[in-house]
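Below is one structure, written out as structure tokens, with a few remarks after it.
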């Protein structure tokens, strides 16, 4: 286990998906992880997630791959496309999650709002 809650949770999600299961129980969670999962739920990569006192249960959707981006690069608006090409398999497949001054959002939303930020994770 590392100190990065988001990276640990996304790794557990991928391990469970490779094992052919659909429900993940994560022992450690944070507001950042909940925000990442909320965006993934909107896009259909996570069916549902719920938090009890100590655990976070995640039901996976149409997930092929997800991972945290380390180190968390700071990107300007015009550099986002470079990282999209690096982390996503093709255009219009998947999304990057970027932490901006206006909160977490997908790379498409950040480009539409013309703001940069810090790369957190990718899903496809």
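In our numbering, the protein residues as written are 5 to 128. We put the beta carbon where it would ideally sit given N, CA and C, even for glycine. Note that the structure is predicted; figures quoted are calculated from it, not measured.
Quiz item: Would the beta-carbon of residue 127 fall within 8 angstroms of that of residue 61?
Solution: Taking C-beta atoms as the reference points, residue 127 and residue 61 fail to come closer than 8 angstroms.
Quiz prompt | Reference residue 18; option with closest CA among 65, 33 and 56 | solution = Comparing alpha carbon positions, the residue from 65, 33 and 56 closest to residue 18 is 65.
Quiz item: Apart from the five residues just before and just after residue 124, which ones in its own chain have a Cβ nearer than 6 angstroms to its Cβ?
Solution: Here the set comprises 101 and 103.
Quiz item: What residues in its chain sit with their C-beta under 7 angstroms from that of residue 59, if we drop five residues either side in the sequence?
Solution: Once the five neighbours on either side are set aside, the close Cβ partners of residue 59 are 29, 30 and 31.
Quiz item: So, using beta-carbon positions, are residue 118 and residue 79 closer together than 8 angstroms?
Solution: No, Cβ-Cβ distance for residue 118 and residue 79 is not below 8 angstroms.
Self-check item: Ranges of the alpha helix (DSSP H) found wholly within the segment 30–56, counting only runs of at least 4
Solution: Taking only runs of at least 4 residues, the alpha helix (DSSP H) segments lying wholly in the segment 30–56 are 35–47.
Quiz item: So what does DSSP say about residue 128, is it helix, strand or coil?
Solution: When DSSP states are grouped into helix, strand and coil, residue 128 belongs to the coil group.
Exercise. Return helix, strand or coil for residue 85, following the three-state DSSP convention.
Key: In the structure shown, residue 85 sits in a helix (DSSP, three-state: H, G or I).
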